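Just below is one structure, and these are the notes that go with it.
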Amino acid sequence: MAKTLAGWLDGSVQPLARGHFERDLASLRVGGGHECRRRNRASAGPVSEHATGQALDIFAFKLGSDGNASQVVVEKPEGLAQNRFLDAIRQSACGAFMTTLGPGSDAAHANHLHVDIQERRSRASRFCQ
Ligand SMILES: [Zn+2]
């Protein structure tokens, strides 16, 4: 997961941040990483990919440094540039990870971008919403 995430950050997110805002990605605001629980925090049902450390929830992308820092919040992008940036981020995540879920997919993912590397039946098959 760390290797896939690092590759995606270097190969897609950083170039997108520079292209859209002429700023470097400084950090991510993340929620659940490696956390033993069931999917969507339900009391029953399948175990989440977070339980095996194969998933990450991203809430915001922090751009730039100190005095000139800003952030793009997944739940509430501001303006056309931030919306376009998040669309491109999501599209690139769909290529880098096996599963990508975000706002608009379901209520459990309305405020963050979930990415994981859980293999599907076919290696070419990805889940992207
Ligand atoms: Zn998640």
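Counting in our numbering, the sequence shown runs from 1362 upward without gaps. The C-beta atom is built at its ideal place from N, Cα and C for all residues, glycine as well. Remember, it's a predicted structure, so these values are computed and weren't measured experimentally.
Return yes when at least one heavy atom of ligand 1 lies under 6 Å from the C-beta of HIS1395, else no. no
For VAL1476, which three-state DSSP category applies? strand
Is ASN1401 closer than 7 Å to ALA1471 when the C-beta atoms are compared? no
Within the same chain, show all residues whose beta-carbon is closer than 7 Å to that of ARG1445, passing over the 5 residues directly before and after it, in chain order. HIS1381
The alpha helix (DSSP H) with GLN1490 in it runs from where to where? It is not in any alpha helix (DSSP H) - GLN1490 carries neither H nor E in the DSSP assignment.
So for LYS1364, helix, strand or coil by DSSP? helix
Name the one or two DSSP bridge partners that SER1483 has. Note: SER1483 sits in no beta bridge, so no partner.
According to the Cβ coordinates, are GLU1345 and ASP1477 closer than 7 Å? Lying before the first or after the last residue shown, residue 1345 is absent from the chain, which here runs from 1362 to 1490.
Nonlocal neighbours in the same chain, by C-beta distance under 7 Å from PRO1407, ignoring five residues either side: ARG1399, ARG1400
Using the Cα positions of ASP1427 and VAL1433, report the straight-line distance between them to the nearest angstrom. 15 Å
For a minimum of 3 consecutive residues, which ranges assigned as the beta strand (DSSP E) are wholly contained in the region 1374 to 1438? 1386 to 1391, 1416 to 1424, 1431 to 1434
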